[in-house]
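Please read the structure below before turning to the comments.
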Amino acid sequence: AEDTGLRVELAEEDDYSNSSLALRLWVEDPKKLKGKHKDNEAIEFSFNLETDTPEEVAYEMVKSGFFHESDSKAVAKSIRDRVTLIKKIREKKPAGC
Amino acid sequence: SSLTQVVHSAGRRFIVSPVPESRLRES
Numbered sequence: 001a002e003d004t005g006l007r008v009e010l011a012e013e014d015d016y017s018n019s020s021l022a023l024r025l026w027v028e029d030p031k032k033l034k035g036k037h038k039d040n041e042a043i044e045f046s047f048n049l050e051t052d053t054p055e056e057v058a059y060e061m062v063k064s065g066f067f068h069e070s071d072s073k074a075v076a077k078s079i080r081d082r083v084t085l086i087k088k089i090r091e092k093k094p095a096g097c
Numbered sequence: 101s102s103l104t105q106v107v108h109s110a111g112r113r114f115i116v117s118p119v120p121e122s123r124l125r126e127s
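For the protein sequence lines, the chains are Z and F, in the order given. Mapped onto the working numbering, the consecutive letters of the first sequence carry residue numbers 1 to 97. Mapped onto the working numbering, the consecutive letters of the second sequence carry residue numbers 101 to 127.
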C-alpha cells in the first residue's frame, strides 16, 4: 500500500489449486488517492487468475462508484501487485500442499 | 449483516463491509 495508498489482501486462505481467489481491497492512505472514495470500507471480490485482469476489476469498481476514474490505475496496480505475489508463491508451492 | 452491502457490476459481485478498526492505519 506504500505507493498507491490501497491495500489488497486475500479474503480467504489460498488453497493453491483453485484459479479463483477471494480478495479484499481497502484504502489505507486516503491522501494518496486523487478522487472521491469511501475511506473505511473494504471491498471483497472474486478474482480468477486465468480469466480476469486487474484493469477490468478496477474499471468495474469505478463503474460501481467505489472509486473515481482518476484512481483506476492505482486500483489496478494494487490488485496486480497482489496477484503477482500470489502467483509467485503458488509457483513455489506444489498445488494442494 | 446490515453493515454489509452487495453490489453487482458486469456479473461481478462486490461485497462492501467496514474495515476493522485494527486494519485502518492512522492517516
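In this text, a Cβ means the ideal position worked out from N, Cα and C, and glycines have one as well.
Helix, strand or coil at residue i [DSSP, three-state]
i      : result
V8/Z   : strand
P120/F : coil
L33/Z  : coil
Alpha carbon of residue i to alpha carbon of residue j, nearest angstrom
i      : j      : result
V119/F : L6/Z   : 12 Å
V83/Z  : T104/F : 25 Å
L21/Z  : E60/Z  : 17 Å
D71/Z  : K93/Z  : 34 Å
V75/Z  : K87/Z  : 18 Å
K34/Z  : R80/Z  : 19 Å
S109/F : E91/Z  : 31 Å
G106/Z : T51/Z  : With chain Z covering only 1 through 97, there is no way to say anything about residue 106/Z.
I43/Z  : K32/Z  : 18 Å
A58/Z  : K77/Z  : 9 Å
N18/Z  : D29/Z  : 31 Å
L10/Z  : F47/Z  : 10 Å
I115/F : V107/F : 6 Å
Residue i burial status per 10 Å Cβ neighbour count (16 or more: buried)
i     : result
L23/Z : buried
H37/Z : buried
E13/Z : exposed
T4/Z  : buried
V62/Z : buried
I89/Z : exposed
L25/Z : buried
Contacts of residue i in chain F (Cβ-Cβ under 8 Å)
i     : result
E41/Z : V116, S117, P118 and V119
Contacts of residue i in chain F (Cβ-Cβ under 9 Å)
i     : result
K63/Z : S109 and A110
F45/Z : R112, R113, F114 and I115
Under 7 Å by beta carbon: chain F residues contacting residue i
i     : result
E60/Z : S109, A110 and R112
Exercise. Just list the beta strand (DSSP E) runs in the segment 40-81 of chain Z, keeping only unbroken ones of 3 residues or longer that don't cross its boundaries, in chain order.
Key: 41-48
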